[in-house]
Structures are given as C-alpha cells and as structure tokens.
Amino acid sequence: MNTEFLGIATQFVLTVALSYPLGKYIAKVYKGEKTILDFLKPAETIMFKLSGINPELEMNWKRFLKALLILNLFWFIWGFALLMTQGILPLNPDGNISQSLDLAFNTSISFLVNCNLQHYSGESGLTYFTQLFVVMLFQFVTAATGMAALAGFMKAFGEKTSKTIGNFYKYFILSITRILLPLSLLVGIILIIQGVPMTFEGKIHISTLEGSHQVISQGPTAAIVAIKQLGTNGGGFFGANSSHPLENPTYISNFVENISILLIPMAMVFAFGFFTGKKKLAFTIFSVMLSAFIIVTSISVYQEYSGNPKLESMSISQSHGAMEGKEVRIGTVATAYWGISTTATSNGSVNGMHDSMMPLSNMVQMLNMQVNTWFGGVGVGFLNYFTFIIIAVFISGLMVGRTPEFLGKKIEAKEIKIASFIALLHPFIILAPTAIALYLLLNTSGNNWLGNEGYHGFSEILYEFTSSAANNGSGMEGLNDNNTFWNISTAIILVAGRYIPIIGQVALGGLLAEKQYTSDSKGTLKTDTATFATLTFVIIMIIAALAFFPAQVLSTIAEHLSL
Amino acid sequence: MKNNLLNKDQITASLLQSIVKLNPIVMINNQVMFVVEICTVVMLIVTLYSIFNNEFGSVTFNLIIFILLLITLLFANFAEAIAEARGKAQADSLRKTRADTPARQIVDDKINLISSSQLKKNDIFICLPGDIIPADGEIIEGLATIDESAITGESAPVIREAGGDKSSVTGGTKVLSDQIKVRVTTQPGESFLDKMISLVEGASRQKTANEIALTILLATFTIVFLIVIISLKPMADFAGANIPIAAFISLFVCLIPTTIGGLLSAIGIAGIDRAFKANVITKSGKAVETAGDIDTLLLDKTGTITIGNRKATHFFAISGVSRPTFIEACMISSISDDTPEGKSIIELGRNEGFKMKDLKIEGSSIIKFTAENRCSGINLKNDTEILKGAYESIRQIVIQAGNFFPEDAERLITEITSNGGTPLVVCINKEIGGVIELQDIIKPGIEDRFARLRKMGVKTVMVTGDNPLTAKYIAEKAGVDDYIAEARPEDKMLYIKKEQENGKLVAMMGDGTNDAPALAQANVGVAMNSGTQAAKEAGNMVDLDSDPTKLIEIVEIGKQLLMTRGSLTTFSIANDIAKYFAIIPAIFIIAIPELTALNIMQLHSPGSAIISATIFNAIIIPILIPLALKGVKYKPVGASALLRRNLLIYGLGGIIAPFIGIKIIDLLIGLLF
C-alpha cells in the first residue's frame, strides 16, 4: 500500500518541481531571450525562409487568429485525404484498409483539435504512414497551436497597451522546435529503454508456450507515445492506449508518461507569470488548479483503492482495490491518479479502462473535463481559466464598488459577452447532444449503442460528449461509437469545443491589449490574493460544474448510491 | 428614511403598480423576470388544462406553483415600484416649488404679467422683492438677495448679481430684496429638476454600461439553466422518472437569478434617489455610477480645503521701522479695504492693542486696487503714501522710485512663504516698512476625509492660485496627494486630460464660467447651484447645497450602487446550490429511491420540497428590498478587505441562507398538511 501512495506522491512532487523551471524556460523562448537551444536558430531561419514567413512581423489579434485558423484548415484537409487513401499509401506492412468517409472525417477532426477521440483501433484502423504523418504530426502541430495561442495572449498582457499580440507562426514553430521536440526526444528515449517498440516492421507472428498462434502488433510506438503525452493529445498507437504493455510496459514508463501528461500544462501557468512579470498571480492561479487537482485525485484514489462493495459482497476480494480493468503492473492508485491527470489536462490517454472504474471516479473525471481548466490542455487550459477570471473580476469588481479591471484593463460589456458565450458553450455542447442521444435511444429503434443499461449507460453517453467537448479524447468505451451518429455528432462538438473558445480567448486578449492601461490604486482589486482565487474557484464550480449536477445525479451519483 | 420605507400611501400605490407592470411590453426590459412571466403563463395554461385532463399532474399542485410564480413576479415589480414611489415623493416635494407662479415678462420695455409655464428660453423677466422666481435663468441686470431654502433647505439668504460667477437663479426661489432682470435659460420642462424627476420616475432611465454587462451575465445564467432544464427531460425519461411539468418550471425559476433580476432596477433607482437625498441632482444614472469609479478628485483650495479666505496672522516690521508705527500704517491702509484680507488686518491690529479711534485718516484719499498698479493703499493728508500688495508689485514700485529692497524683507518673505503663508508687503512713501503674514486656515476634520478618500483609492488634487511653496505647504498639512499651484483655468483642463490619458476617471467641482470646459471634460463634473448657468450646463451633476465637500459623498453613493448590485448578484447565484439540493432529489426520489441520501435537508415530501424552494425564491425578493433601497454599506478598508467581507456576507451567506430558509418553510408546510 505505502509504495503505491508513495509512487504517485513522488510523481506529483516531481512534476510540480519540474514544471517551474520549464515554465521559466518557455517564457524565455517566447520572449526571444537567450536559451540553451539557441543553436537551433539556423534551422528555424531556414524553415521561415522556405515558407516565406517573416517571424518579426507583429500581428493584431484578427490577423493572428486568421493565421491560426488557415493553418488548421490546411491540416484538416491533409489528414482527411491521407486517412481516406492510407490503404494504397506506403508504410503499410499489415495491409490495413483506408478509413470510411465519416470515420476519416471524425479522426481527422479529432486529432486536429488536440482531442484524439478514437473511434477505431490503431492496430487495424491506421497504417504506419498515417500513424506518423497524420497522428504524430497532428500531435505536434495541434499542441503547438494551443501553445502559440497562449503565447499571443501572454504577449497581450506583457505590455501596457499594444495593438499587436506577436507573430502566430513564430510562436507556433518555436513551440515545436524549442519545447515539444526536445522534450519528446527525451521521453521517447526513456520509453525505448523501458521496452516500447520503435520499428517499421509489421506484426510479429509467434507461437506461444501453449502452442497456439499469436499475432502481435508493433510499429513506431515510442515516438508517438512521447508526444501523445507531452502535447495533451492522448491518441494511442494501439486501441488499448497506455494500458497496452507495448505502449506502457513498466511502472517506470508509467511514471514518466504520467509526468509528461501534466508537465507542460503546469509549466504554462508559470510561463504566464514569467512572461508578464505577474509571478504572484501565476502562483495563485497555480494554487487554485493544484488544490482542485488534489481534491479530485483524493476522491478517485480513495474510490479505486477501497474497491467495489458490490464485488466484495459477492466474496471477490477487493484487498488490492477495484482491479477490474486495471493493469497489475500499475495498480489501482497509479491508475486512478492517471485517470485524473488525463482528464484534468485534456490529454485523454488511459492506462486502465475508465468504463470499469468506480462511479465517483467517473464523476470527478467528467467534472475535470466539464470544468476543463485544472491545468487543462497545453495552452488552452490556461486560456479557459482566464475566461472564468473575467467573470470573477466582473462580479468581484462590483462587490467592491468599482468598474472591474484585470491587470489594468477595464472589463466591460464586450468582454463579458465573449466570456459568457464561452462559458455557456460548454454546457450546451455536452447537455444538448446527451439529451438528443437519450431521446433517440428511447424513441427510435435499432440504436445498438449501449454496452450497459441504466445509470452506467447514461454515464457512457455523458462521458463521450463531455470528452468531445473538452477535446479530451478518452472514452468509457463500452459505447458502440463507430457509426454515423457518433462520428458526426462528436466531430461537430469537437470543432465547436476547440475553435470557439480559442477564437474568443485570443480575441479577449487582443481586445484587452488594445485598451488603455490604468495603473493600480488602493481601490483597485488585487487579483493575486487568496480571496480572489477562492472566488474564481467558486465561480468555476457554479458556472461550469453546477450545470451538470442533474446529469451527474442521474448517472454516476445514482450508480454510486446504488452500489 | 425609515418613515419613507413604511409610508402607507407609497405602499398602496406600489402595490397597484406591481400589477400594472405585469404588462409584457414593460416586462421585457427585465429579461430574467420576463422569462419568469413566460413560465407563469405556461403554468396558468397547464393548471387550466389539468382541470380537464390529469396528464400534467394534479390541479392543486399546478395551481400552487402558478400562484407562487405570479407572486414572485409581483414581488419583483413591487421592488421597482416602491423605489420609484420614493423617488417620486421626493420629486413631488421639489415640484411643488415649481407650481405656477406669475411672471413679469418684459416685452418691448413693457411688463406683461403671464404664468411661469408660458416662459420660453431667452425670454426676459423682472423680479421684485417678494417675488418667486418663475424659471431658471441668468441675471442680466441688477443684484438681489435670494432665499433659496425651498431648494437647498439652507435658510441664510444668498446674493446673486449680474456678471461673474454668481449670476444664475433657480426657479422656485424667492427674491428678498432689490430687483433683478433675468433671462430664461431653459425650455419649459427641460430644467435640471425636470430631468431629475423623469429620471427617478423611470421615464428616461437608460441602462448604464455596467448594468448592460451585468444583464448579459444574468442572461447567460438564464440560458445555461434553460439548457439544463430542457435536457433534463429526456434524461429523466431515460431514468424512468415521470416528472410533472410544474416541477421542471419551478426548478428552472428557482435556478435563474430572479433575486437580482427582480431587484436590479430598484437598486439603480435607489442610487439616483440617494444622490437626490444628498441634494445632488444628476443628469443621468450613469453619472452616479461613474462617481463610484473616480480615481482622481480635483478640489479647489478655497472653500473646500481651507475656510474661505486668508487671514493676517503676523506683522513683521523691518529693522529701522518701529513696530507700532508699522502696525498703525498697516491698519490705516486697510481701513477702507473691504476684502477679507483687509478686514483681518484690522482685526489682528486690534488684537495687538491698537484702537481704531487712534487712527487719523481725515482728508486722506484711497488708492483702489487696479489691474495696473496691483496694490492698494491710502494717501494721507500729510502726503504720506502707504501701499500694500504682493511682493512683485511692491518691489517694482520701490525699485522704480530709486530705493532698494532690504535684505531682511527678502528673508522674511521666504520664511513666510515656506511656512505656507502669503506675504503682503507694505511700503511707506515707497520705502519698505515691513511684511504682513497671511495664512490659510485649514477646515477642521478635512484631513480625515482625505484619509478616507485615500483608503477608497481616490487621489485628491488641490487646485489653487497660490505659489508652489504655499501650495505645497497646505497640501501637506491637509493631506492631499497632489496640487496644482498658480492654477489658471486651463491648468485644470490639462491636468484632467493628463489623468484621463492614463486611464483615470476624474471628478471635479466648479462654479465659474471658466470652469465649464474642465467640468465638461471631467468624467464627473459637479456644478454648484450657486454657479453660472454655463457651469451647470457643462457638468453632469448639480449640487443644490453648493458644498464643495459633497463630492466625497457622491463617490460613496456611486460605490454603494455598484456594491449593492454585485453583492445581490453573488447572493442570488450562491442560492442555487441549496435549491439544487432541495429540488433534484425531490423530483427523482420516486424513480430512484437511492437518491434519498442527497436529501440532506430532510425535506418533508417531494411536493413540499419543490414548493418550499419556490416560496423561498419568491419571498427573498421583498426581504431584500430594504437592502436594495438602502444600499450595501460601504467601508473604506481597501478593495481586498471589502471583497472578503462582502464575500463572507453575501457569498457564504448566500450559500447557507436558503438551506435554512427552505428547511423552515418546509417545516411550516409540513405542519399544514
């Protein structure tokens, strides 16, 4: 027992400790200050020259967003075309077929929006070519998109008044060359040492000791797993994701992968502090996220560690906790911790089956995704938190009798409109499709979607849409989701859940950057205090979590109470 | 104030108004309550339908919910109506002063006796002693003492005269002596008072920017809960729970921010009303709100920070001149000097033991102060000339006469100046006799007010015509943060612009015509009622008391307005947690018995839980009306401490209160059934 808890405690402390210097480094990269990786500059210059980009060109927020969206559209067409034709493309030793139209649509969008919801299994649904040039490529570029958006946002607050928020392409390239690529290399090498395959050869055919025939899929796994974790992507090489022994072979690999999941999302908070010089603000934001993270982790770990009372009453020993759907080499505690890490950060990779976890674990996992800001996706998690700050600033400003302002910028009707819209979007794109799916289940026939009936079936549906909206990508599985309804509906939610918030948040940053700067006075409300942090937390809970209370009551909570 | 709250007539009128305001065309201005009205209509239809068909649950339950929703609407309307009624009562009392009075209009040098309501802009009328001034205007000829007590409540008469900064008169005030010719400056029905009356009566009330932002936020909450409720229907069906429509509707109404939605306009009106009570007329609700946001406050030194004018405090004779001779010369030169300084010199001399009757001034001639000589004095019978004036002017006179300016006089002047005093140099026959020290007297208690402003985060700036040394001394003594010395009218303007360029909001008070541009430029410009018409037109508030320290009160009123809005919003939203815990287990408990564990309030039955929550949601509105009208108390303790305090009271209180309230109501309902 003690080693299990010690295991996650060590991971946790190590992640926090590593994220601080990394945050400092990231701020330096975006600021263009000297770093140890400056030797890459010539390579970057060549990239900019080849693509005709002037990295010193300052963009206003509209132009910044335009660049972001055009680049994303390009990648979408790229991915869609390759997935549809992968059967005839090279690097396909196993002879896997091309994806169907709606699956290719879903997959391409899902990876494009940094979600990696997988309605297929990697072993048969993709080829090595698409694994590398769609999946892995997207895992880099979409993570870099989110990070570049935050970099532009940091630039907006780094200066007093500014019409521009930096160059999108520059932030984008630097995110890859200076942050994602070096870290992936490091993590990939550790994974290879731990036994994760890195090969272009096809399936291995072996005869087992029992004499039966077994086929083992493999491929360039280590490369993909590294960036899948670091970029809060989560799309596994294999269908079973990081519970697969070849994606996550040892406790050490699990340790390193779990740190990779949380590392950059945590570091981005510090990066904001270092970039803008508002270190205390970054610390308070980090504390709120961390406290929430610790609370949800405790709930899930307790649930999984205690085991399932229903099984206990059937005299199935729960002395090792709720082991159903978990890997023996990882154990209940580390699996629960991973489950929280992956949902809190919009990562979505799994090292155990969420479908088999305790209902309250599912509840906090969904809560993480519904809130989507306890660190959140790389770059975008912090932006989500900022949306709630705007609302908290507004309410608290009123409470102290002043027109609200954040970092010297007045928050007015326009900002509230954008922040409200983003806050409203999330409940809408989760609850409305859940309601539609339930309605279709009850009123039309032939929808063979649910692996489970009752509360758990409800949880599976809610989880799928929550995961899509949060661009998370994990699933409770148990849901038969590779069909037209799920492929199309989740694809729409994915796009809405990704681009509307990013557009709104970059616009917010740009609009506030243009505003007149007011220096602080005694009457100015400080946003880096414990009081304000608490208020932001409560507002997040009331806006983002309370809306899902009835749905949670009818799914996870009802299931828990009937155990 | 308390009397007003309980005024019977106002309550009856407001009750009537709350029904009139159910009109959907009026209601749509308040989106949250409009949504409640739609729900009420739906419940009415459901109730009627359920008489004939039991598909939608029992008639009794539907009827109860319908009535509760209707009551919620009426309570919200009542809140607005009572705020308006209180404003109206005050307006009416002022309007009485505007009752039709006869006016002596002058047309072609002849006096026409007409009614005041017939006076138009630019008409000219004349007022004789005992006349009530028929309209707002500007004196173009003459001087009169006027009793303004009808407007200001101040009984001491004031003097108004043509030209200068005291030329404007207000309709409804009374001429006590002399006669004046006045030009009407406003169209009938467009005076400040008329504007104010329509503002409190709600006719011309527009939402402020801040109110709009809050409305957006409240609409967001409403839409979120609309999504929650609509999606709950298939979810409930999936869970096998058959939930009556009344339960959905009451859950929805309980969750949307009806408390703040119902009180929002009452809070706004009450803010204007409080300004009104402080004898400040505002041209818009926005001005009151902006006042709460003020970063910088420009205050004139004289009258605000110091009492009236300077006083002579010391006589300093230079060596070679005997002190008694000097003091006597000072007093002689001041005998015919009617300025406050002159009078104070005589007074100081008497205190030093000199008698008026000893001063011999027969056959002397007075030298009046002119722009040319810039000093005043006296020419005695024996050809002795005594002059007193500012340092520069006397120095010039002395040096031009070929005399020198003694060093110890220079030293005295520097000393006086550095102590915040103003030196008045006296020369006898163009030779320096000595220096009189004039000092400003700082108003008692003003330091505390500035300390309070500083805690609020407001920077105070003193505007004075004094030289920088004097200004600095007084600024330090009174505790203002900054000062503008040797200020010309355009300096105020420049200072305001500079502050505004840094994103600051600036308030100032002024009375003169040359203040008008600065009053217009300032975010909050308060014109004194005694000031010129131009000043009143330029500002966005008029202080009827013409009290320069009123700005401090106005700032607090503005802050209170925002705070009340914010605190009640927080309270309203925090209430949702308890309402969820009351209603959600209640509506699903039959289909999912395990959910009993969530019924943490141990409510009597599903029906009573829903009814209790809806009742709480309704009665919290009238319970909070007094708070909405009086405003949340403002304490200048710094923003963070204030936030902590209000979060504890209205945030935490808002979470806990409904748990207790709903439980009590449920217990009472349990007793009944």
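Going down the list, the protein sequences come from chains E and X. Sequential numbering from 1 applies to the first sequence in the working numbering. Sequential numbering from 1 applies to the second sequence in the working numbering. Where is the CB? At the ideal position from N, CA and C, for every residue including glycine.
**Asked** In chain order, what residues of the same chain have a beta carbon less than 6 Å from the beta carbon of N4(X), not counting five sequence neighbours either side?
**Response** Confidence is the limiting factor: at N4(X) the pLDDT is only 48, short of 50, which leaves the residue's position unreliable and the question unanswerable from this model.
**Asked** What do you reckon, are the CB atoms on I436(E) and I500(E) nearer than 8 Å?
**Response** no
**Asked** Which chain E residues are close to V35(X), counting only those with a beta carbon under 9 Å from its beta carbon?
**Response** Per Cβ cutoff of 9 Å: no residues; V35(X) is ~15 Å from chain E at best.
**Message:** If distances are taken between C-alpha atoms only, which option among A534(X), S336(X), I620(X), V632(X) comes closest to F78(X)?
**Reply:** I620(X)
**Request:** Please work out which residues of its chain come closer than 7 Å, Cβ to Cβ, to I256(X), disregarding the five sequence neighbours upstream and downstream, and give them in chain order.
**Result:** Taken in chain order, the residues that qualify are V32, V35, F221, T222, F225.
**Prompt:** CA-CA distance, K21(X) and A241(X)?
**Reply:** 38 Å
**Request:** Scan the segment 41-72 of chain E for residues whose Cβ lies nearer than 9 Å to a Cβ of chain X and list them as they occur along the chain.
**Result:** none
**Message:** Given this structure, state the Cα-to-Cα distance separating L230(E) from G525(X), to the nearest angstrom.
**Reply:** 57 Å
**Range covered by the alpha helix (DSSP H) that runs through F244(E)** = In the sequence on display, residue 244(E) carries His and not Phe. Premise fails: H244(E) is in no alpha helix (DSSP H) and is neither H nor E.
**Prompt:** Mind checking L671(X): buried by the 16 CB within 10 Å criterion, or exposed?
**Reply:** exposed
**Request:** Go ahead and pull the three-state DSSP assignment for G653(X).
**Result:** helix
**Request:** May I ask you to report which of helix, strand or coil DSSP gives Q118(X)?
**Result:** helix
**Message:** Whole angstroms are fine: how far does the CA of M528(X) sit from the CA of Q439(X)?
**Reply:** 26 Å
**Asked** Is the Cβ-Cβ distance between T177(E) and E44(E) less than 8 Å?
**Response** yes
**Message:** In the DSSP assignment, the beta strand (DSSP E) including L424(X) goes from what residue to what residue?
**Reply:** 422-428
**Request:** Below 7 Å between beta carbons is the criterion; list the residues of the segment 490-504 of chain X that meet it against any residue of chain E, in chain order.
**Result:** Of all residues in the segment 490-504 of chain X, N502, G503, K504 have a Cβ within less than 7 Å of some Cβ in chain E.
**Message:** So if I threshold CB-CB distances at 7 Å, which residues from the segment 408-439 of chain E count as touching chain X?
**Reply:** E412, A413, I416, K417, S420, A423, L424, P427, F428, L431, A432, T434, A435, L438, Y439
**Asked** Is there a Cβ from chain E that is less than 8 Å from the Cβ of E594(X)?
**Response** When Cβ-Cβ separations below 8 Å define contact, E594(X) makes contact with chain E.
**Item:** Straight-line gap, W449(E) to S396(E) (C-alpha atoms, nearest Å)
**Value:** 45 Å
**Request:** Write down the C-beta distance between K459(X) and D295(X) rounded to the nearest angstrom, noting that I regard them as a contact closer than 8 Å.
**Result:** 6 Å
**Prompt:** Taking C-alpha atoms, which residue in Q86(E), E415(E), A240(E) lies nearest to Q505(E)?
**Reply:** E415(E)
**Asked** Apart from the five residues just before and just after I416(X), which ones in its own chain have a Cβ nearer than 6 Å to its Cβ?
**Response** P423, E437
**Prompt:** Are S364(X) and C375(X) close, meaning C-beta to C-beta below 8 Å?
**Reply:** no
**Prompt:** Among the residues of its own chain, which have a CB less than 6 Å from the CB of V16(E), if the five just before and after it don't count?
**Reply:** none
**Request:** Please name the residue, chosen from T464(X), S640(X), E55(X), that lies closest to I305(X) on a Cα-to-Cα basis.
**Result:** T464(X)
**Asked** With 16 other CB atoms within 10 Å as the buried threshold, where does P90(E) fall?
**Response** exposed
**In DSSP terms, what N379(X) is bridged to** = By DSSP's assignment, N379(X) forms a beta bridge with S365(X), E385(X).
**Prompt:** Q516(E) touches chain X at which residues, Cβ-Cβ below 7 Å?
**Reply:** Within chain X, the residues near Q516(E) are G503.
**Item:** R488(X), DSSP secondary structure in three states
**Value:** The answer is coil: DSSP assigns R488(X) none of H, G, I, E or B.
**Request:** Give the DSSP-derived three-state secondary structure of D300(X) in the structure shown.
**Result:** strand
**Item:** Cβ of L561(E) within 8 Å of any chain X Cβ
**Value:** yes
**Request:** Could you tell me the distance, in whole angstroms, from the CA atom of N248(E) to the CA atom of D38(E)?
**Result:** 33 Å
**Message:** Can you check which of these residues, G268(X), N23(X), S58(X), I590(X), is closest to L70(X) by C-alpha distance?
**Reply:** N23(X)
**Item:** Q521(X) at chain E interface by Cβ criterion, 8 Å
**Value:** No, no contact with chain E.
**Prompt:** Does G95(E) get closer than 8 Å to chain X when you measure Cβ to Cβ?
**Reply:** no
**Request:** Name, please, each residue of chain E whose Cβ falls closer than 7 Å to the Cβ of G457(X).
**Result:** Here the neighbours are S521, K522, G523, T524.
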